[in-house]
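2 protein chains.
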Amino acid sequence: MQRMDAAPFMPEENSPREAEDALQQLGGLLADDMRRCNQTIIERMQSPVALIPELAAHIVAAGGKRLRPLLTLAAARLCGYEGERHVRLAACVEFLHTATLLHDDVVDESTMRRGLSSANAVFGNKASVLVGDFLFARAFQLMVEDGSLEVLSILSRAAATIVEGEVLQLVTQNDLETDEARYLDVIRGKTAALFSAATEVGAVVAEAGAERQAALARFGLDLGMAFQLVDDALDYAADPDRLGKSLGDDFREGKITLPVLIAFHAAEGEERAFWERTIGAGEQEEADFATALSLMRRHRAIEQTQARASEFAHRAKAALDVFPPSPLRESLLASADYTLHRGR
Amino acid sequence: MQRMDAAPFMPEENSPREAEDALQQLGGLLADDMRRCNQTIIERMQSPVALIPELAAHIVAAGGKRLRPLLTLAAARLCGYEGERHVRLAACVEFLHTATLLHDDVVDESTMRRGLSSANAVFGNKASVLVGDFLFARAFQLMVEDGSLEVLSILSRAAATIVEGEVLQLVTQNDLETDEARYLDVIRGKTAALFSAATEVGAVVAEAGAERQAALARFGLDLGMAFQLVDDALDYAADPDRLGKSLGDDFREGKITLPVLIAFHAAEGEERAFWERTIGAGEQEEADFATALSLMRRHRAIEQTQARASEFAHRAKAALDVFPPSPLRESLLASADYTLHRGR
């Protein structure tokens, strides 16, 4: 992917209120598909070993917006698909996502997820690692039942790419030498790869042809980039009640995200020393997070991160130009705006 | 699987020395295949994210006997296969196995593996969880490249079953109410399922037909049961230098294995209280492991466990009756005896 200029950017986008409504509209258009997808998720996370569905239910039932499976369902329908395969594949996508969440929370030592105690906090790291593995294996069983080698290829590649992004994130932790290109590699892997695979497999089951398949893969990729950029901004800017996890987790873990890079590269003297101590050396005191927030405000780090997210969302929307206007297309366009305005 | 009587059992088996030689002979017969398999393993564990091959090399290079990929190669050749697909699938099987080892060591908090520091001890739990995920994803990519949905079905089912066995093991930890049937479920899942899948996919690529495929799946399953029973005996009986990990790990973790169940069910009064304290309640002191060993000697728990392993090895060997005699078949039969006499 090319670097984009950080020049002022005026996206044509819906207002926050309109964006929320639009996402609900997308869910409304796909309500029947989504209901069957949720049913598949519940059915296929079962196991004779009771702890598996128990732990899986903790994270699956906690909900979240099911954005990724919604994207698979929407992509298939946008391509005129009228069968049933997209429902099972949407469940696969959610299983892969849930598996990575379980392992992420272990890796990040998180205690909160979606406003509830994280699975590792309730059931322990061991069970979270293993149930993540189970959901991963189960996702592949579902794909095999579907029987498309192309789908299997897209999703197995995505699974490997997700992990590469996460390992890269682990390696760059506390490393202020990390540049923006490398940061973008991290989020492309850990987040955008699955968004892209989610939309692409929708096109594949619909046998939509190369152009539309590529367009939907592109849409998912850029949407995922926008989504993660906003996520990284929210860790320094969200209303904690809406965020559903502790504010400042990224800061405490020394994660190199765009807000940090922007503030660090704008810093001199004492400010630079602040970032080198708190992020570079990981030595933090109680008051440091408040200082980090004020330095970010000074350098407009959150606004700049949001602007980068807007660019990606704009590109995502442009990718859908190959489709004729329809209520579903408009809802997908609006869902791109939603990623920019959500509280997570 | 049926319960078998624990009646005295006189297996017709090779001596320890002959068994070692036989395993070497199996490796010798398949030396060329194994060399190409190792090459595939090295090539396909690469990633632009350097920590991934670095950590993978730590565990892959540490070696082990590559028993599982050897079984895939042997099964394919035994069925007269002359192509190349079995090499890649053998590498898949080893990747799946390595992924589970990485996660196991995190779950068990192990510090040693194959006589070296475990990957989690060197690289940390986080990296071990993620690189395990990577190898798992990469295994599926290799299967997709192979292109057989039947192979994908066998190995994705095995992957889910392995995890079910491991979660069941976690659940039964410290639980002296666990009966032998449940213990057998644990080892069938965590170990025998992959042995069985490893041999079965060898038959599948060779298009060996239903009877031979079922025979090889059966051979792998019973061999895996024997292998794990011996493994569980060794934790109380091995020469620590040969074991390659700390003796008594299972005891300290409160794992319910057959030696413990035999000693516990033979115990009364003080002995029973000993197991309830050390395994049931997990309260252990320095001298307890030596006491555990002496109680096991008193009740011949290791010999009885070994006898159960012999039964499974015997059944494994019987499954190969459908194949005409050949040097490869004799080596496979001898490898079953090897599992009974190994130091791990």
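Residue numbers (my numbering), protein chains in the order written: chain A, -6 to 337; chain B, -6 to 337.
Even for Gly, the Cβ is constructed at its ideal location relative to N, Cα and C.
Check	Outcome
State the Cα-Cα distance for the pair I35(B) and S110(B), rounded to the nearest angstrom.	21 angstroms
Suppose contacts are defined by Cβ-Cβ distances below 7 angstroms. Is L286(A) in contact with E264(A) by that definition?	no
Which residue or residues does DSSP assign as beta-bridge partners of R106(A)?	L109(A)
Would you give the residue range spanned by the alpha helix (DSSP H) that D126(B) belongs to?	N118 to D139
Quick check on this structure: which residue in F316(A), E304(A), A309(A) and R245(A) has the alpha carbon closest to the alpha carbon of T284(A)?	R245(A)
Write down the C-beta distance between G57(A) and R107(A) rounded to the nearest angstrom, noting that I regard them as a contact closer than 8 angstroms.	6 angstroms
Buried or exposed: which applies to D224(B), given that a residue is buried once 16 or more other Cβ atoms fall within 10 Å of its Cβ?	buried
Is K299(B) buried or exposed, if buried means 16 or more other CB atoms sit within 10 Å of its CB?	Reading off the sequence, residue 299(B) comes out as Gln, not Lys. Classification for Q299(B): buried.
Residues in its own chain within less than 7 angstroms of R270(B) by CB, not counting five upstream and five downstream?	E276
Got a sec, what are the start and stop residues for the alpha helix (DSSP H) N167(A) sits in?	Careful: N167(A) lies outside any alpha helix (DSSP H) and carries neither H nor E.
Could you run through the region 96 to 118 of chain B and flag, in chain order, every residue whose CB is less than 7 angstroms away from some CB of chain A?	H96, V99 and V100
Buried or exposed: where does E193(B) fall if 16 or more other Cβ atoms within 10 Å of its Cβ makes it buried?	buried
Taking CB distances under 7 angstroms as the criterion, tell me whether S324(A) reaches chain B.	no
Interface residues of chain A around R338(B) at Cβ under 9 angstroms?	In this structure chain B extends from -6 to 337, so residue 338(B) is not present and cannot be described.
Check each residue of the region 180 to 204 of chain A: if its Cβ is closer than 9 angstroms to any Cβ of chain B, include it; give the result in chain order.	G182
Taking all protein chains shown into account, do 16 or more other C-beta atoms lie within 10 angstroms of the C-beta of G247(B), making it buried, or fewer, making it exposed?	buried
Under the three-state reduction of DSSP, which class applies to D228(B): helix, strand or coil?	helix
Of all Cβ atoms in chain A, is any one closer than 7 angstroms to the Cβ of F127(B)?	yes
Thinking C-alpha only, which one of V144(B), E261(B) and I52(B) is nearest Q206(B)?	V144(B)
Taking just the CA atoms, how far does G117(B) sit from I52(B)?	13 angstroms
For a test of the three-state rule: what should DSSP assign to S319(A), helix, strand or coil?	coil
In its own chain, which residues sit with a C-beta less than 8 angstroms from the C-beta of S40(A), not counting the 5 before and 5 after it?	P46 and F127
State the CB to CB distance for the pair F282(B) and G217(B), rounded to an integer number of angstroms; the pair is presumed to be in contact (CB under 8 angstroms).	At roughly 27 angstroms, the Cβ-Cβ gap does not stay under 8 angstroms, so F282(B) and G217(B) are not in contact.
Roughly how many whole angstroms lie between the Cα atoms of R28(B) and R37(B)?	14 angstroms
Applying a beta-carbon distance threshold of less than 9 angstroms, which residues of chain B neighbour E269(A)?	Within 9 angstroms Cβ-Cβ: nothing; E269(A) doesn't reach chain B, min ~23 angstroms.
How is the alpha helix (DSSP H) around S189(A) delimited, first residue to last?	A186 to V198
Just reading off the alpha helix (DSSP H) that S303(B) is part of, what are its end residues?	A294 to A312
Would you check if there are 3 or more beta carbon pairs closer than 8 angstroms linking the region 207 to 214 of chain B to the region 305 to 322 of chain B?	yes
Who are the near neighbours of V115(B) in its chain, counting only those whose CB is closer than 7 angstroms to its CB and skipping five residues on each side?	H51
In three-state terms, what does DSSP make of L23(B)?	coil
Relative to the C-alpha of E304(B), which residue among E279(B), T250(B), T332(B) and P318(B) is closest?	T332(B)
Taking C-beta pairs closer than 7 angstroms, name the residues in chain A that S40(B) reaches, listed in chain order.	E157
At the 7 angstroms Cβ level, is G217(A) part of the contact set with chain B, yes or no?	no
On the three-state DSSP scale, how would you describe A285(B)?	helix
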